[in-house]
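Numbers 267 to 585, taken from our numbering, label the letters of the sequence shown in order.
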Amino acid sequence: MDKAEPYLLFENYIGGAKTEILEEDFVQAVDARNALVSLWNFENLFSVFTGSYVDLEKTILEHAFAYFYQRGDDGYDFMYDVGVERDIKLLNLLTAGRAYYEQSQTLLVSVGLSIDVVKQRFAENFDGSFEYRVMDGLRNSMIHQQIETGGAIFNSSNLYENDEPHSRSRLRISVDPYISVEKFVSNTKIRSVTRDEVRALGVESLDLKYFVRGYAASIASVHNLLRSDAADAYDLAATRIERLNDALSHHKENSAKVVHVSAKGGKPILIDKAHFARVQKIRAKRVHLINAQRAFISSEISLGKGRFPADHESLHIVK
């Protein structure tokens with residue numbers, strides 16, 4: 267080893283601790299750092315997808331509020347405006363889903379997973395999820411042939427306590443965006459097998475919320491499997507980073523901060539364990555998307571122990 271320009275483990279600030287390390291330690295540090303960066307980017311892809319999903323759901327809720335409280339006299343303009351906004355959010359979601367599919371393969375292979383294993387996870391999801399197949403076809407259609415997918419039905423209806431008029435009730439405001447089956451099955455940018463599946467349903471439209479939520483849940487399921495597949499790679503990388511951080515802390519006789527390595531006078535490379543602890547934090551997030559198909563968000567007034575009101579002469583307060 268060139269003692270004038272050794273491999274270094276050090277705190278990257280003036281007066282920080284430093285010590286020499288072996289070339290093997292340096293190589294392992296860089297490999298571990300690169301693996302954690304790839305796993306961070308993999309999780310970030312899923313966060314972008316989840317954010318796009320939430321954005322679409324929030325937009326649909328906002329349209330329901332606007333329909334009931336804020337829409338003007340011109341219903342045509344209202345329907346056009348909300349349709350454009352919904353299509354923007356839908357295309358964002360589908361694009362994020364495709365980005366997740368394409369980029370996660372490269373990222374996971376870079377940490378040691380077999381490309382065959384990763385592709386098999388996606389293939390099983392495609393084969394097993396009708397909602398995924400429909401939305402994947404819709405993405406291809408929106409990008410290559412036609413942005414408009416269908417429309418939406420807005421409604422306000424009384425939900426009676428005893429299913430009888432004049433009993434206590436709640437007024438439900440709903441918006442039900444849909445995919446036009448006629449447009450879908452005539453679109454040559456969608457796989458013929460998927461079009462045949464939809465045609466065989468014998469219906470005029472598909473509930474967009476149902477298919478979006480099933481699509482999101484299926485990708486969440488794939489992500490959980492791939493995250494598990496990459497667990498050993500994460501554990502190995504995190505252990506190596508922690509070992510070198512602990513070694514510098516031992517040398518310093520205090521907790522090391524802003525830990526870096528460098529090779530013979532080369533550019534400092536960050537391996538600080540506090541920085542890379544964010545990977546584990548983000549791995550613990552976004553865990554509820556797998557339940558998207560069954561979940562819905564409600565702001566209705568409900569019964570609560572010790573909370574007023576518990577009863578009302580005209581409002582049906584649900585348990």
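Even glycine gets a Cβ: it sits at the ideal position worked out from N, Cα and C.
Just so we're clear, the structure is a prediction, and the values are computed from it rather than from any experiment.
Cα-Cα separation between residue i and residue j, rounded to whole angstroms
i    : j    : result
F388 : I445 : 24 Å
E260 : A550 : This structure does not reach residue 260, given that the chain is present from 267 up to 585, and the question cannot be answered.
E286 : S304 : 27 Å
I280 : I456 : 60 Å
A295 : Y500 : 13 Å
S318 : S564 : 20 Å
G570 : D577 : 11 Å
P575 : R434 : 14 Å
A543 : Q369 : 22 Å
E519 : I556 : 45 Å
N307 : K385 : 18 Å
V527 : D495 : 29 Å
E218 : R493 : Since the displayed the chain opens at 267 and closes at 585, residue 218 lies outside it and no answer follows.
Y476 : I409 : 21 Å
Same chain, Cβ closer than 6 Å to residue i, five either side skipped, listed in chain order
i    : result
D538 : V524, V525
V488 : R387, N391
T460 : R399, G403
Where the beta strand (DSSP E) through residue i begins and ends
i    : result
L327 : Looking at the DSSP string, L327 is not in any beta strand (DSSP E); the run it does join, the alpha helix (DSSP H), is 289-331.
F276 : 273-277
Sequence-distant residues of the same chain with beta carbon closer than 7 Å to residue i, five excluded per side
i    : result
E566 : R436, V584
F315 : A362, G363, Y366, I485
DSSP-derived helix/strand/coil call for residue i
i    : result
I359 : Ile is not the amino acid found at residue 359; the sequence shown has Leu there. Three-state result, L359: helix.
D268 : Interpretation of D268 is limited by its pLDDT of 47, a score under 50 that renders its predicted location unreliable; no figure is taken from the coordinates.
A504 : helix
N424 : strand
V584 : strand
K593 : The shown model of the chain, from 267 to 585, leaves out residue 593, and the question about it has no answer.
E414 : coil
V469 : coil
K284 : strand
Opening and closing residue of the alpha helix (DSSP H) in which residue i lies
i    : result
F450 : 447-451
request  = Would you mind listing the beta strand (DSSP E) stretches within the stretch 525-557 that are 3+ residues and don't spill past its ends, in chain order?
outcome  = For the stretch 525-557, whole beta strand (DSSP E) runs of length 3 or above, ordered along the chain, are 525-529.
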